[in-house]
Amino acid sequence: MATSYDVLRSQMLATRAGQPASLNAIPDACLEPGPMNRLCLSLRSGIPSQVDWALRRLAMYTSEASDKLILTNYPGLAEALADFLRRLFLATHGASRSEWDVMQRPQNLNGLIVDQGTGGDDDGCFAGIAMASVRLTHKPPSPVAATEPFQPFKYIRDAALLRRTLESVLILRNLALSQSNLPSIAQVPHFLNHLYGALVLDIKGVAMEQCADIRINLLDILENLAPHLTLSDWVRRRFVLNTEKDTTPHFVEDRLFVILYDWINTTQDRALLLGSLRCIRAFASNAQNSQVLVEVDMALHPTSLGLVKRCLLLLPLTQDPELLEAVLDLLYQLLTIDDNALMLGLDNVPTHAIVHFLARNLSLGKSVWERDSPMISNQHAWWASLVPNTQRIRQNREWERREKMSPMERQRWKVLPSDIRSQIETLPEPERGTQWMKTLFEYDAQGEVTQMDFWIAYRDQFTPIANAGGAPLQPAANLIRNVSQTFPGAAAMVISGVAGAQSRFVIRGIAPRIRESLAGPSCPWVGCPTPQAHTWANVREHLVSHVAHSSDGLCRCQGCSFAASPNDEASQRAELHLHVRTHLPPVHEQDIIYAPSATPALGTHERPGVITFDVERTPSIPTALAGQPPLPCGIAFLSVLILRYVIRISSIILRRDGYGCPDYTYGGAVASSKQPSERDAMFGFPFVSLTDDIQAQNDSAANMEDRYAQSAIRLMQAATSIEDVLVETSLRNDILCRLANDTLVAIRPVADDNATASKDY
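When you line the sequence shown up against my numbering, it's residues 2 to 762, in that order.
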């Protein structure tokens with residue numbers, strides 16, 4: 002017989018059938034901030050089913066929206082989650098079972114378990130509230146003696162503790178991704194000690210592969226906490242100076258650094274290596290830890306730290322982008338500390354190989370596509386006349402044809418076509434004059450028309466209309482003045498002639514429109530009484546008629562000088578008839594397939610063409626601001642950052658007063674103008690006098706100068722060998738172009754004008 006709890010639970014499941022387990026499925030009561038929050042109370046209740054229910058809910062919630070769960074709004078939640086880690090730490094270090102096995106024992110009823118709320122996936126916040134059910138599926142396990150050690154492979158309670166610890170660490174890892182939750186996690190008492198203990202966890206009888214996630218998640222938590230942790234001077238004495246005899250660190254931060262350092266150099270586990278690289282990078286991002294991560298001393302002698310060397314050994318791992326990105330991130334952080342960047346230019350370091358590895362990384366993870374950019378011609382540039390222009394070619398041909406015309410033929414081009422004349426004649430002035438200008442003339446920066454021809458053409462066109470009662474003519478001055486309004490850029494002017502010659506009154510900036518822009522088909526035979534035609538077939542009939550009445554064999558088409566052979570009249574007409582067909586467009590017959598026209602030439606003003614670019618884009622992050630370019634990220638971004646920083650440092654050293662100023666390409670250094678002992682500072686740190694012997698000081702400082710200069714020179718020589726790669730990246734990659742340009746400027750800085758002038762003299 003079903004209990005009241007089973008009935009209520011079945012009704013609740015029926016009303017929520019089909020709803021997925023998501024953030025929307027969590028009742029508001031479970032998310033209400035405060036110390037009495039349902040999830041917090043369940044974690045601290047000690048009831049196994051309630052604890053499991055809370056852990057499952059928190060794991061789901063933090064994985065979907067970790068930034069919305071702020072620990073400061075839920076007092077005690079961080080401590081309750083970290084308590085599982087503390088209990089596992091005590092269990093694995095031999096503490097009494099009473100200190101870490103604090104879960105409630107199951108209650109027995111006639112030898113069967115009474116479950117205080119099953120905590121199922123769909124029972125919401127009603128799990129175990131004033132209800133109980135008897136579970137008949139299995140009998141209670143045998144009790145565990147208080148003296149038994151932690152054995153998850155043997156006891157269910159111990160295995161449950163390990164499982165709950167894994168879940169709680171996952172929840173803390175998700176919460177640590179939000180910066181607002183880091184203070185609450187860091188303030189948990191002894192959290193770092195328990196974290197360190199879990200990292201070195203070794204449970205007898207349990208393969209660590211079964212709980213490997215605990216280390217990975219703890220490393221993610223440590224990565225977010227490490228920028229706020231400071232290493233002690235013990236790390237500097239132990240790893241940098243190599244003078245510390247005590248090999249046991251006294252602070253938990255130092256112990257964490259030691260285990261991370263060992264994993265970077267010895268582990269074969271990729272996940273541990275990846276997490277260790279990220280955590281050390283986080284330590285290096287704290288400026289207070291810079292003194293304990295120095296790779297070279299003041300004389301550029303390598304220290305015993307060796308993290309940069311380890312990173313350089315991992316550079317060829319291009320088949321693992323995630324690991325390579327972590328290596329480059331750590332390498333960049335280390336090189337920005339003191340003079341670590343100059344370590345890459347030492348004699349025993351393959352500088353060229355390292356620089357080429359970094360240059361190769363600029364093409365990793367990129368996507369390439371073609372981008373077509375249409376060109377736009379500049380019609381008003383001084384060089385515009387030098388660019389091929391179809392319209393100008395047609396104009397030149399038309400001008401040449403007009404030069405060969407008779408006065409009667411030229412007069413024909415000053416008359417409006419019949420179809421347009423009927424529309425313009427009815428307009429009032431000055432609209433009529435404006436439309437007349439636009440019909441017979443066009444803007445041409447290099448063209449000109451005499452004012453007399455311009456006025457005579459207007460007068461002859463509209464005088465008959467004015468005499469017939471139409472609109473009167475405009476005065477010549479007004480008509481010529483309106484040219485600049487109709488054609489911006491055109492103007493009337495007087496051109497003074499040479500000595501003894503008369504001045505010319507012209508309108509500069511306009512030219513007669515070419516023939517094709519006027520009327521449609523027309524008969525080209527000079528003297529044709531009705532040249533206008535509707536179709537080219539009518540023009541053909543005109544020409545056949547003109548040839549039939551011709552007796553001298555001469556072609557009188559405009560601009561044509563053809564003459565038939567002086568034979569009999571019939572032969573001349575037949576030859577002339579074949580010739581005049583060349584003045585007509587070809588006739589396309591339906592049954593004949595004609596070859597397509599040739600592709601129009603590109604590179605002209607009418608068809609400037611299209612430039613096709615190869616665009617490269619490396620991984621990037623879109624920005625929230627509209628119109629802003631995406632932010633670079635990934636392997637290529639870190640590689641170009643390293644190159645830019647190293648080359649800038651080398652350039653600064655070589656350009657510093659007294660330490661060499663190379664000639665455009667860095668092949669050597671100019672001798673110092675000051676003695677080393679006279680300088681106040683050297684490469685950013687004060688020069689300490691170690692002896693009273695000035696000569697000894699100069700010799701020692703000169704040796705240090707030489708090592709710094711030689712290291713910088715080696716780096717710059719290697720950088721000049723990848724200039725082509727940087728230039729190609731700058732031209733094609735719109736994500737890295739700015740960083741690549743900065744690097745190129747550091748390789749070849751702009752020459753100082755004063756220095757160049759003094760050198761010339």
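Cβ coordinates follow ideal geometry from the N, Cα and C atoms, glycine included.
Sub-7 Å separation of residue i and residue j beta-carbons
i, j, result
"PRO586", "CYS558", "no"
"LEU544", "VAL581", "yes"
"SER523", "PRO532", "yes"
"LEU261", "SER277", "yes"
"HIS584", "VAL548", "no"
"GLY628", "GLY366", "no"
"VAL495", "SER504", "yes"
"SER640", "LEU325", "no"
"ALA747", "SER652", "yes"
"GLU224", "CYS280", "yes"
"ARG45", "ALA81", "yes"
"ALA272", "ILE355", "no"
"GLN475", "GLY448", "no"
"LEU294", "ALA327", "no"
"PHE614", "ARG372", "yes"
"GLU254", "LEU230", "yes"
"GLU443", "ARG514", "yes"
"ALA55", "SER67", "no"
"LEU193", "LEU219", "no"
"ASN243", "LEU72", "no"
"SER368", "ARG618", "yes"
Min CB distance residue i to chain D below 7 Å
i, result
"MET438", "Judged by its chain identifiers, the structure shown contains no chain D, having just a single protein chain."
Through-space distance from residue j to residue i, alpha-carbon basis
i, j, result
"TRP414", "ILE736", "59 Å"
"GLY198", "PHE90", "6 Å"
"THR464", "ALA512", "23 Å"
"VAL52", "ASP743", "56 Å"
"LEU655", "ALA713", "7 Å"
"SER23", "MET299", "Unreliable positioning characterises SER23 in this predicted model, as indicated by a pLDDT of 45, which lies under 50. The coordinate reading is nonetheless provided below. Computed Cα separation, rounded: 58 Å."
"ASP340", "GLN188", "35 Å"
"PRO190", "ALA83", "9 Å"
"ALA213", "PRO49", "24 Å"
"LEU745", "LEU306", "32 Å"
"THR63", "PRO317", "37 Å"
"LEU441", "ALA564", "32 Å"
"LEU232", "MET344", "23 Å"
"ALA807", "GLY471", "Since the first and last residues shown for the chain are 2 and 762, residue 807 lies out of range."
"ASP123", "LEU202", "The predicted position of ASP123 is uncertain, since its pLDDT is 45 and thus under 50; no value can be drawn from it."
"LEU78", "PRO630", "40 Å"
"ASN763", "LEU480", "The chain is shown only over 2 to 762; residue 763 falls outside these bounds and no answer can be derived."
"ILE612", "SER731", "17 Å"
"GLN320", "GLY95", "43 Å"
"ARG87", "ALA342", "42 Å"
"ASP270", "SER374", "49 Å"
"ILE622", "TRP383", "44 Å"
"ILE338", "ALA227", "17 Å"
"THR166", "ASP247", "34 Å"
"MET61", "SER185", "20 Å"
"VAL309", "ASP330", "11 Å"
Cutoff 8 Å; reference residue i; Cβ partners in own chain excluding five residues on either side
i, result
"ARG311", "ILE265 and ASN266"
"VAL689", "Any reading at VAL689 needs caution, since the residue's pLDDT is 39, under 50, leaving its predicted position unreliable; the model's value is listed next. Closer than 8 Å at the Cβ level, and outside the excluded window around VAL689, lies no residue."
"TYR333", "LEU639, LEU642, ILE643 and TYR646"
"LEU301", "ASP340, LEU343, MET344, LEU347, MET705, ARG708, TYR709 and SER712"
Residue i CB to nearest heavy atom of the ligand PLP below 6 Å
i, result
"PRO303", "The ligand content of the structure shown is nil, which means the ligand PLP is not present either."
Neighbourhood of residue i by C-beta, 6 Å cutoff - its chain only, sequence neighbours within 5 removed
i, result
"ASP159", "PHE151, GLN152 and PRO153"
"PRO726", "Residue identity check: residue 726 is Val in the sequence provided, not Pro. Same-chain partners within the cutoff: ALA360."
"ILE130", "Confidence in ILE130 is poor, its pLDDT being 42 and thus under 50, which makes the residue's placement unreliable; the coordinate value appears in the next sentence. The answer is none, since no qualifying residue turns up."
"SER518", "Reliability fails at SER518, whose pLDDT of 42 lies under 50, so the model's placement of it is uncertain and the value that follows must be treated cautiously. For SER518, where only same-chain residues beyond five positions count, there are no Cβ hits under 6 Å."
"GLY490", "GLY510"
"TRP101", "ARG88, LEU91 and ALA92"
Cβ shell of residue i (< 7 Å), same chain only, five flanking positions each side left out
i, result
"PRO34", "ASN74 and TYR75"
"GLY610", "MET376, LEU603 and GLY604"
"ILE508", "GLU449, VAL450, GLN452, PHE455, ILE481, VAL484, ALA491 and ALA493"
Segment contact flag, the segment 236-245 with the segment 171-178, C-beta cutoff 8 Å, min 3 pairs = Short answer: they don't touch.
Pair every Cβ in the segment 599-618 with every Cβ in the segment 702-718, then say whether three or more of these pairs are closer than 8 Å.
-> Touching, no, given that fewer than three Cβ pairs across the two stretches are closer than 8 Å.
In chain order, each alpha helix (DSSP H) run of at least 4 residues that lies wholly inside the segment 374-407 = With a minimum length of 4 residues, the continuous alpha helix (DSSP H) runs that stay inside the segment 374-407 are 391-404.
List in chain order: all unbroken alpha helix (DSSP H) runs of 4+ residues lying wholly within the segment 518-564.
-> Runs found: 537-549.
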